[in-house]
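Here's the structure we're looking at; comments come further down.
2 protein chains.
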Amino acid sequence: MRKLTFFTLLLTATSFIGCDNVAKPTTQSGIEKPAFDLETAKKEITEVNKQFMELIAKGDSAGLANLYTSDAKVLFTGAPAVSGRAGIQTVFGNFIKSGVTKVDLKTVDLFGTEDFLVEESAVLIYVKEQMVAEEKALVVYKKEDGKWKLFRDMTNANTPQH
Amino acid sequence: MRKLTFFTLLLTATSFIGCDNVAKPTTQSGIEKPAFDLETAKKEITEVNKQFMELIAKGDSAGLANLYTSDAKVLFTGAPAVSGRAGIQTVFGNFIKSGVTKVDLKTVDLFGTEDFLVEESAVLIYVKEQMVAEEKALVVYKKEDGKWKLFRDMTNANTPQH
Numbered sequence: 001m002r003k004l005t006f007f008t009l010l011l012t013a014t015s016f017i018g019c020d021n022v023a024k025p026t027t028q029s030g031i032e033k034p035a036f037d038l039e040t041a042k043k044e045i046t047e048v049n050k051q052f053m054e055l056i057a058k059g060d061s062a063g064l065a066n067l068y069t070s071d072a073k074v075l076f077t078g079a080p081a082v083s084g085r086a087g088i089q090t091v092f093g094n095f096i097k098s099g100v101t102k103v104d105l106k107t108v109d110l111f112g113t114e115d116f117l118v119e120e121s122a123v124l125i126y127v128k129e130q131m132v133a134e135e136k137a138l139v140v141y142k143k144e145d146g147k148w149k150l151f152r153d154m155t156n157a158n159t160p161q162h
Numbered sequence: 163m164r165k166l167t168f169f170t171l172l173l174t175a176t177s178f179i180g181c182d183n184v185a186k187p188t189t190q191s192g193i194e195k196p197a198f199d200l201e202t203a204k205k206e207i208t209e210v211n212k213q214f215m216e217l218i219a220k221g222d223s224a225g226l227a228n229l230y231t232s233d234a235k236v237l238f239t240g241a242p243a244v245s246g247r248a249g250i251q252t253v254f255g256n257f258i259k260s261g262v263t264k265v266d267l268k269t270v271d272l273f274g275t276e277d278f279l280v281e282e283s284a285v286l287i288y289v290k291e292q293m294v295a296e297e298k299a300l301v302v303y304k305k306e307d308g309k310w311k312l313f314r315d316m317t318n319a320n321t322p323q324h
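So the protein lines, in turn, are chains A and B. Heads up, the first sequence is in our numbering, so the first residue is 1 and it goes up one at a time. Heads up, the second sequence is in our numbering, so the first residue is 163 and it goes up one at a time.
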């Protein structure tokens, strides 16, 4: 009888340990995942935008393409969608060749989860010191190699174009 | 001793029940949440698009505004962003008054989680039987009252507009 009781108590303890494991937030592979924090994400997206603006100023289309995920798609205004980094690099190459010297990005709205972030931003495009277009953007970010990267990027004009 | 053993067994059983509850996906309030299934979500979004097309054909701007969340924002091309259902209803009212009789929506891409869905779609706009614009859209959906509703909706043209 004493033996049985000890065994039962052991079983009880084990089942409590089991509960504790289940309650922790884990990925499907069982690796612990840090809790998502939107304020931290906001700072990370501000940093991505800063890099984007610096790369435009430098005319670095390859650097710009690397801010996008390998499976990214840009949905810019006045052209069909373009998928993948090689295509995106060409898009930015042409954009820079067209005379753009500066892009100003300002986050209007940011929401999402650890899976996807969505940003609405205000976009000003400059040729030399002249502002040539006032646009808005809707950008979906996804993590790749532990870093938020642009996964979908759409823009349009704030005023009629015809 | 017999009494203690019975009590211990009862405790063991209780802790197993506890584990079972913890293992189920629940919201923070403890209410059970059904597992997210993208295929089901795809069917639901196809249904929303069907309703959207029917409401355009009927010229029902109030019905269209009700497909959006109460905190929705439309980011249509050639105009600043418009927030909230009243504003969105006006946008669709003007759109219908401008002569649009039909909008054709086709899902190109859909991804997301139970928190947000993101759809890329191909949009054809008709005045009477004449196709007048070929656009693409990036739409973010959020659940409101248990139904997927449009939360952000952005469009632009596939060809240069000037």
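All residues carry an ideal CB built from backbone N, CA and C; glycine is no exception. Predicted model only: the values in this text are computed from it and were never measured.
Terminal residues of the continuous alpha helix (DSSP H) containing Ala62(A)?
Counting along the chain, the alpha helix (DSSP H) containing Ala62(A) begins and ends at 61-65.
Distance check for Asp145(A) and Val132(A), CA to CA, integer angstroms please.
One C-alpha to the other measures close to 35 Å.
Name, please, each residue of chain B whose Cβ falls closer than 7 Å to the Cβ of Gly84(A).
The premise fails here: Gly84(A) is roughly 14 Å from chain B at the closest Cβ pair, so nothing lies under 7 Å.
Measure from the alpha carbon of Glu135(A) to the alpha carbon of each residue in Phe76(A), Glu39(A), Asp37(A), Ala86(A), then state which is nearest.
The residue with the shortest Cα to Cα distance from Glu135(A) is Phe76(A).
Using a beta-carbon distance cut-off of less than 9 Å, what residues from the region 250-282 of chain B approach chain A?
Against chain A - using a Cβ distance shorter than 9 Å - the residues of the region 250-282 of chain B are Val270, Asp271, Phe273, Gly274, Thr275, Asp277, Phe278, Val280, Glu282.
In chain A, which residues lie with their C-beta within 7 Å of the C-beta of Met316(B)?
Within chain A, the residues near Met316(B) are Leu138, Met154, Asn156.
Put Asn318(B) into one of helix, strand or coil per three-state DSSP.
Reduced to three states, the DSSP call for Asn318(B) is strand.
What would DSSP say about Thr391(B), mapped onto helix, strand or coil?
This structure cannot settle anything about residue 391(B), because the visible part of chain B is limited to 163 through 324.
Would you say Gly240(B) lies against chain A (beta-carbon separation less than 8 Å)?
Judged by the 8 Å Cβ criterion, Gly240(B) is in contact with chain A.
Let me make sure I understand the geometry here. Which of Thr231(B), Asp199(B), Val262(B) has the alpha-carbon closest to that of Ile218(B)?
The shortest Cα separation from Ile218(B) among Thr231(B), Asp199(B), Val262(B) belongs to Val262(B).
With a threshold of 7 Å on Cβ separation, who are the neighbours of Lys42(A) within its own chain once the five nearest residues in sequence on each side are excluded?
Result list for Lys42(A): Leu110, in chain order.
Take the Cβ of Leu38(A) as the centre, count every other Cβ of all protein chains shown within 10 Å, and call the residue buried at 16 or more, exposed below.
Leu38(A) comes out exposed.
Return no unless some Cβ of chain D is closer than 8 Å to the Cβ of Gln161(A).
Absent from the structure: chain D. Protein chains present are A and B.
Are the CB atoms of Glu282(B) and Phe198(B) within a distance shorter than 8 Å?
Cβ distance not < 8 Å, so Phe198(B) and Glu282(B) don't count as in contact.
Would you call the CB atoms of Ile45(A) and Tyr68(A) closer than 8 Å?
The answer is no: Cβ separation not under 8 Å.
Less than 7 Å between the CB of Ile207(B) and some heavy atom of the ligand PLP, yes or no?
Among the components of this structure there are no ligands whatsoever, and the ligand PLP is therefore not found.
Less than 8 Å between the beta carbons of Ala65(A) and Phe92(A), yes or no?
Going by C-beta atoms, Ala65(A) is nearer than 8 Å to Phe92(A).
Give the DSSP-derived three-state secondary structure of Ala203(B) in the structure shown.
Ala203(B): helix per DSSP, three-state reduction.
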